[in-house]
Amino acid sequence: MKWVGQHIYDYIATFRQGVTLDSTLKFDSVTLTGIQTSGESFVDNDTSVMTSAAIDDRINTAVTAEDLDVAADSGTAAVDLNSQSLEVRGGTNATTSATGQAVTINVDDAFIKNDADDATSGSLTVTGAAGITIKDGTTSSATEGGNLILASDDGAVMADNHRLGVIEFKGAEDTGNTLSIGARIQAIARDAWDGSNNDADLEFYTTDGTTESKALTLDADNLATFAGAVTVTGALTGTLATVSQPNITGVGTIGTGVWEGTAIATDQQKHLMHYEFMGFNNSTADTVYEFAESMSDTKAPLEHTADHNATITTAMVVGTYFKAGGQVIPQAGTIKRIVGWAHSNGTTAEHKLALVMLRPAENDNTAVAPVLVDEITWTSLGGNKLKAINETTITAASVNAGDILMTMIKDDTGGRQVYFNITVELEV
180 MKWVGQHIYD YIATFRQGVT LDSTLKFDSV TLTGIQTSGE SFVDNDTSVM TSAAIDDRIN
240 TAVTAEDLDV AADSGTAAVD LNSQSLEVRG GTNATTSATG QAVTINVDDA FIKNDADDAT
300 SGSLTVTGAA GITIKDGTTS SATEGGNLIL ASDDGAVMAD NHRLGVIEFK GAEDTGNTLS
360 IGARIQAIAR DAWDGSNNDA DLEFYTTDGT TESKALTLDA DNLATFAGAV TVTGALTGTL
420 ATVSQPNITG VGTIGTGVWE GTAIATDQQK HLMHYEFMGF NNSTADTVYE FAESMSDTKA
480 PLEHTADHNA TITTAMVVGT YFKAGGQVIP QAGTIKRIVG WAHSNGTTAE HKLALVMLRP
540 AENDNTAVAP VLVDEITWTS LGGNKLKAIN ETTITAASVN AGDILMTMIK DDTGGRQVYF
600 NITVELEV
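Under the working numbering, the sequence shown has 418 at position 239, and the numbering climbs by one with no breaks.
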């Protein structure tokens, strides 16, 4: 027998070359650095990768072609799984916590599991995978299920505004595998932590161009803060407990509710006011506008037989118009609608109903020219048929406080009877 070793003492044997076994090797609390059995090897991953063997190693795991154990002591261990499974174990049985350790796994229909809690400052990169599954085989309950933990633990208390963890969504921006962030979600500690305070905010970032910006914050007070506008396509339910928005430009239709806030200033409110006009005309003149008789007449203010002119804008003595009555507008506003009915005899005559506005001045007898607010034209329907009036496009809709609204009628042939009853809607 040749000399195969150096020496044996303290129950430790040192061999200059490998040892080949034809049977089973058993040991207790021994670290293997190199062993070969039946042509297949187990070497620590500083220099090689474990392949198929039937050895109970120090991790107490039976190693087969379907189950590879890697104890990453240092350096970088790369494993092509080729449809196999990989078990990365922690605890005292493996040293995956080596500082700066990185393990790259090329995955093809494989899975990763960790059956011990072992922190590491290195990184784990999985490429070629359609997805990673974290599976909890425990009986399901309200506290069980797959669990992904992102933790920050450097031995010191979490400080205000320190990050607990982050999920980054990246993509290649060129053919050189340069990865850039498109979005990220991160948790930020709020205030210094202690046994009674673990406040944290959840922040959502998106990228516009190459600039990341915070789009949404869900804070420890259950408050959601959006950096931009919010679009709700479905129903918005719940209670708006506090609203501090000085410039709400539109809220749509408010169905029901009770206003309990500060009274809205009068000049900020929109109100609708309605003015009724009615009258008739037994025309003896054609192509001339006629307005209501003086209020001293027994048929005033309904009968419109006071001649004006063929043109609305012809100026007349202001007192003449004033005696015809009309409606005085108390507050400036906009005429939104003229709605009502008209009736006239005959079947071919054309009729015009005009709503005009007068703007007199105090202590001034200057002649005033009416302003045409709107004019409705129709051909006589004859008999007892009514003409519907529904004007929403108003020629001159704006009126001032103190303006006088009045009506005029014109019959293009004369001798017809025209009756009308309309309501003018004013928004103030």
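Glycine included, C-beta positions come from ideal geometry on N, C-alpha and C. Owing to the predicted nature of the structure, the values given are computational and were not obtained by experimental measurement.
Answer with buried or exposed for S375, where buried requires no fewer than 16 other C-beta atoms within 10 angstroms of its C-beta.
-> Counting from 1 along the sequence shown, the entry for residue 375 is found at position 196. So S375 ends up on the exposed side.
Report the residue from L402, Y468, I443 and S320 whose alpha carbon sits nearest the alpha carbon of T586.
-> The sequence position of residue 586 within the sequence shown is 407, counting from 1. Comparing Cα-Cα distances from T586 to each of L402, Y468, I443 and S320, the minimum goes to Y468.
If we cut at 7 angstroms on Cβ distances, does V497 have a partner in chain D?
-> In the structure shown, chain D does not exist; there is a single protein chain.
Leaving out five residues on either side along the sequence, give the residues of the same chain with a beta carbon under 7 angstroms from the beta carbon of V535.
-> For the purposes of this step, residue 535 is taken as the residue at position 356 of the sequence shown. Excluding positions up to five away in sequence, the list reads I491, P549, V550, L551, V552, M585 and M587.
What is the DSSP secondary structure of T484, counted as helix, strand or coil?
-> Reading the sequence shown from its first residue, position 305 is the one you call residue 484. In this structure, T484 counts as strand in the three-state DSSP scheme.
Along the alpha helix (DSSP H) that carries V497, what are the first and last residues, could you check?
-> For this step, residue 497 is matched to residue 318 along the sequence shown. It spans V497 to K502 - the alpha helix (DSSP H) in which V497 sits, taken as one unbroken run.
If V345 sits next to R363, beta carbons under 8 angstroms apart, how far is it from one beta carbon to the other, in whole angstroms?
-> Sequence index remark: in the sequence shown, residue 345 carries index 166 (1-based). Sequence index remark: in the sequence shown, residue 363 carries index 184 (1-based). Indeed, because the Cβ distance is near 6 angstroms, the residues count as touching under 8 angstroms.
Contact belief for T602 with E455 at Cβ below 8 angstroms, rounded distance in angstroms | Position 423 of the sequence shown, counted from the start, is the residue given in the question as residue 602. Position 276 of the sequence shown, counted from the start, is the residue given in the question as residue 455. Yes, T602 and E455 are in contact; Cβ-Cβ is about 5 angstroms, under 8 angstroms.
Between G325 and I311, which are expected to be in contact by the criterion C-beta below 8 angstroms, what is the C-beta distance as a whole number of angstroms?
-> Here the question's residue 325 lines up with position 146 in the sequence shown. Here the question's residue 311 lines up with position 132 in the sequence shown. Not confirmed; about 10 angstroms, so no contact.
Does the Cβ of P509 have 16 or more other Cβ atoms within 10 Å, making it buried, or fewer, making it exposed?
-> Locating residue 509 in the sequence shown gives position 330, counting from the first residue. Exposed, because fewer than 16 other Cβ atoms sit within 10 Å of the Cβ of P509.
Where T322 and T412 are concerned, what is the direct C-alpha to C-alpha distance, given to the nearest angstrom?
-> Working through the sequence shown from its first residue, we reach residue 322 at position 143. Working through the sequence shown from its first residue, we reach residue 412 at position 233. Going from the Cα of T322 to the Cα of T412 covers about 34 angstroms.
Have a look at A580 and N542 and give me their C-alpha separation to the nearest angstrom.
-> Your numbering for residue 580 matches position 401 in the sequence shown. Your numbering for residue 542 matches position 363 in the sequence shown. Straight-line Cα distance between these residues: approximately 17 angstroms.
Does DSSP put Q447 in a helix, a strand or coil?
-> Looking up residue 447 in the sequence shown gives position 268. In the structure shown, Q447 sits in a helix (DSSP, three-state: H, G or I).
Since I367 and N401 are thought to touch, with beta carbons under 8 angstroms apart, how far apart are those beta carbons, to the nearest angstrom?
-> The residue labelled residue 367 in the question sits at position 188 within the sequence shown. The residue labelled residue 401 in the question sits at position 222 within the sequence shown. With 8 angstroms as the limit, I367 and N401 do not qualify as a contact, their Cβ atoms being about 16 angstroms apart.
Can you give the Cα-Cα distance for T390 and D332, rounded to whole angstroms?
-> Here residue 390 corresponds to residue number 211 of the sequence shown, with the count starting at 1. Here residue 332 corresponds to residue number 153 of the sequence shown, with the count starting at 1. Each residue's alpha carbon lies about 29 angstroms from the other.
Which residues bound the beta strand (DSSP E) around W520?
-> On the sequence shown, position 341 is the one that residue 520 refers to. Its beta strand (DSSP E) spans residues G512 to S523.
Nearest-angstrom beta carbon gap, T386 and G609 [assumed within contact, 8 angstroms] | For residue 609 there is no data in the structure shown, the boundaries of the chain being 180 and 607.
Local Cβ density within 10 Å of D315, reported as buried at 16 or more and exposed below that | As a first step, residue 315 is located in the sequence shown; it is residue number 136 there, counting from the start. Per the 10 Å Cβ criterion, exposed.
Proximity winner among A489, L395 and G504, relative to F383 (alpha-carbon distances) | Reading the sequence shown from its first residue, position 204 is the one you call residue 383. Selected option, being the one with the closest Cα: L395.
Distance between E554 and A533 (C-alpha atoms, nearest Å) = In the sequence shown, counting from the first residue as 1, residue 533 sits at position 354. In the sequence shown, counting from the first residue as 1, residue 554 sits at position 375. About 4 angstroms.
From the DSSP output, read off the bridge partner residues of S392.
-> If you number the sequence shown from 1, residue 392 lands on position 213. T385, per the DSSP bridge assignment.
Residues that T586 bridges to, as DSSP identifies them = Taking the sequence shown and counting its residues from 1, one reaches residue 586 at position 407. For T586, which the question treats as bridged, DSSP gives the partners L534.
The beta strand (DSSP E) enclosing T602, as first and last residue numbers | Residue numbering aside, residue 602 sits at position 423 when the sequence shown is read from its first letter. Element bounds for T602: Q596 to E606.
Ignore the nearest five residues each way along the sequence and tell me which others in A528's own chain have a CB closer than 8 angstroms to its CB.
-> Position 349 of the sequence shown, counting from 1, holds the residue named residue 528. Once the five neighbours on either side are set aside, the close Cβ partners of A528 are T558, S559, D590, D591, T592 and R595.
Nearest to K564 by alpha carbon, out of N356, T545, Y598 and A576?
-> Walking along the sequence shown from the start, residue 564 turns up at place 385. Among N356, T545, Y598 and A576, the Cα nearest to that of K564 is on Y598.
Within its chain, find whatever has a CB closer than 8 angstroms to the CB of K502; leave out the 5 residues flanking it on each side and keep chain order.
-> What you label residue 502 is simply residue 323 of the sequence shown in a count that begins at 1. Answer for K502: S473, M474 and S475, listed in chain order.
Measuring CA to CA, which of G334, R538, T545 and L481 is closest to W372?
-> Residue 372 sits at position 193 when you count from the first residue of the sequence shown. With distances taken between Cα atoms, W372 lies closest to G334.
Would you mind reading off the limits of the beta strand (DSSP E) that contains T469?
-> Looking up residue 469 in the sequence shown gives position 290. Checking the sequence shown, residue 469 turns out to be Glu, not Thr. Where E469 is concerned, the enclosing beta strand (DSSP E) stretches over E469 to A471.
When you compare each of G562, A511 and A408 to T428 by their alpha carbons, which one comes out closest?
-> Sequence index remark: in the sequence shown, residue 428 carries index 249 (1-based). Selected option, being the one with the closest Cα: A408.
What is the rounded straight-line gap between the Cα of A406 and the Cα of L381?
-> In the sequence shown, residue 406 corresponds to position 227, counting from 1. In the sequence shown, residue 381 corresponds to position 202, counting from 1. Distance between the alpha carbons of A406 and L381: 14 angstroms.
Does DSSP classify M337 as helix, strand or coil?
-> As a first step, residue 337 must be located in the sequence shown, where it is residue number 158. Coil at M337, not helix or strand.
Report the rounded CA-to-CA distance for A379 versus T513, giving the unit in angstroms.
-> Your numbering for residue 379 matches position 200 in the sequence shown. Your numbering for residue 513 matches position 334 in the sequence shown. About 53 angstroms.
Supposed contact pair A546 and M495 - C-beta distance, whole angstroms, cut 8 angstroms = Counting from one through the sequence shown, the residue named residue 495 turns up at place 316. Counting from one through the sequence shown, the residue named residue 546 turns up at place 367. Yes, M495 and A546 are in contact; Cβ-Cβ is about 6 angstroms, under 8 angstroms.
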